[in-house]
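Participant:
Residue numbers (my numbering), protein chains in the order written: chain A, 707 to 856; chain B, 707 to 856.
1) Where do the ends of the alpha helix (DSSP H) carrying residue 782(B) lie?
2) So the beta strand (DSSP E) residue 713(A) belongs to, where does it begin and stop?
3) Based on Cα-Cα distance, which residue from 841(B), 745(B), 778(B), 793(B) lies nearest to residue 707(B)?
4) Which residue comes first and which comes last in the alpha helix (DSSP H) that contains residue 765(A)?
5) Using a Cβ-Cβ cut-off of less than 7 Å, give me the residues of the stretch 710 to 741 of chain A that come near chain B, in sequence order.
6) Quickly, what does DSSP pair residue 791(A) with across the bridge? List them, please.
7) Within its chain, find whatever has a CB closer than 7 Å to the CB of residue 757(B); leave out the 5 residues flanking it on each side and keep chain order.
8) For the beta strand (DSSP E) that residue 731(B) lies in, which residues bound it at each end?
9) Which partner residues of residue 854(B) appear in the DSSP bridge assignment?
10) Specify, as a first and last residue, the run of the alpha helix (DSSP H) that residue 823(B) falls within.
11) Alpha helix (DSSP H) containing residue 747(A): first to last residue?
12) Which residue or residues does DSSP assign as beta-bridge partners of residue 797(B)?
13) Would a C-beta distance cut-off of 7 Å place residue 832(B) and residue 814(B) closer than the cut-off?
14) Work out the CA separation of residue 782(B) and residue 712(B) for me, nearest whole Å.
15) With DSSP run on the structure shown, which of helix, strand or coil describes residue 847(A)?
16) Express the C-alpha separation of residue 807(A) and residue 724(A) in angstroms, rounding to a whole number.
17) According to DSSP, which residues form a beta bridge with residue 836(B)?
18) What would DSSP say about residue 724(B), mapped onto helix, strand or coil?
19) Excluding sequence positions up to five away, which residues of its chain have a Cβ less than 6 Å from the Cβ of residue 859(A)?
20) Sorted by chain position, which residues of the same chain lie with C-beta nearer than 7 Å to residue 823(A)'s C-beta, five sequence neighbours on each side aside?
21) Going straight from the alpha carbon of residue 714(A) to that of residue 817(A), what length do you get?
22) Can you tell me which residues form a DSSP beta bridge with residue 812(A)?
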């Protein structure tokens with residue numbers, strides 16, 4: 707990829723990332739973050755959440771994969787930061803006999819927000835949304851910005 | 707520990723092992739066994755279980771710790787086998803405001819079942835029980851036998 711071929715405002719693509727409770731259980735074990743808000747509906751509601759929510763770092767990590775794949779190398783991501791604005795509720799599947807699916811879908815799209823020819827880097831800004839408990843899409847990360855070395 | 711000091715029928719002790727859903731989430735991640743029967747109440751009931759149950763291998767592993775501590779060395783366990791007879795239901799905590807505790811208690815006791823002076827080994831048989839969904843203690847492992855090198 708050549709900096710000269712890129713321009714500000716250019717899209718690097720869009721991706722839909724399914725998130726299930728099984729993903730959160732796996733992430734809880736991998737991260738060591740066993741906070742029950744990420745796997746226990748009763749507990750999550752008791753502390754005022756709409757239900758089980760994804761780990762913020764899970765969402766952040768899942769979202770940047772779009773940039774990693776675009777850059778072709780995880781090591782090319784020099785900097786990545788974001789603010790967590792809204793939770794990502796991850797509903798259970800419904801119905802007593804239904805298989806274990808349910809879940810949510812996080813939608814990520816990225817665009818070139820700045821180019822630095824001298825440093826040979828670009829900044830990719832991500833728009834990251836997921837449905838809230840009423841099904842309305844919300845920005846779940848803001849100022850999600852990755853600096854990529856070309 | 708000296709084989710001559712041990713005799714058949716002798717107790718190596720008893721232990722109560724608390725098991726919570728957080729333990730199962732941790733174990734799911736560590737083992738890679740993400741079967742929802744170990745963390746999803748709805749799913750567990752849908753497949754005919756009394757609720758979320760512990761991983762059999764979790765119970766088996768937790769139970770043998772009594773023998774490991776008695777032997778003083780995990781490497782001294784030469785052989786360990788069991789049959790899984792009853793599930794270990796692990797209830798959620800109760801009440802909307804309650805902290806994330808709940809859970810079950812597995813009770814393990816061990817006794818010397820056989821001595822082999824020539825091989826310098828003993829066989830420890832474990833009795834492993836846990837309350838069923840009605841609160842009645844059940845044998846959850848049978849023929850749980852560990853061969854220990856002295």
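Where is the CB? At the ideal position from N, CA and C, for every residue including glycine.
In this text, all values refer to a predicted model and were calculated from it rather than measured experimentally.
Facilitator: In short, the structure shows the following:
1) Looking at the DSSP string, residue 782(B) is not in any alpha helix (DSSP H), and its letter there is neither H nor E.
2) From DSSP, residue 713(A) is part of no beta strand (DSSP E); its letter is neither H nor E.
3) 778(B)
4) 762 to 777
5) 727, 728, 731, 732, 734, 735, 736, 740
6) Note: residue 791(A) sits in no beta bridge, so no partner.
7) 747, 750, 751, 795, 797, 839
8) It is not in any beta strand (DSSP E) - residue 731(B) instead sits in the alpha helix (DSSP H) that spans 727 to 737.
9) 783(B), 828(B)
10) First-last for residue 823(B): undefined, no H or E at that position.
11) 747 to 752
12) For residue 797(B), which the question treats as bridged, DSSP gives no partner whatsoever.
13) yes
14) 16 Å
15) strand
16) 10 Å
17) 844(B)
18) strand
19) Look at the range of chain A in this structure, 707 to 856, and you will see that residue 859(A) is not part of it.
20) 709
21) 8 Å
22) 723(A)
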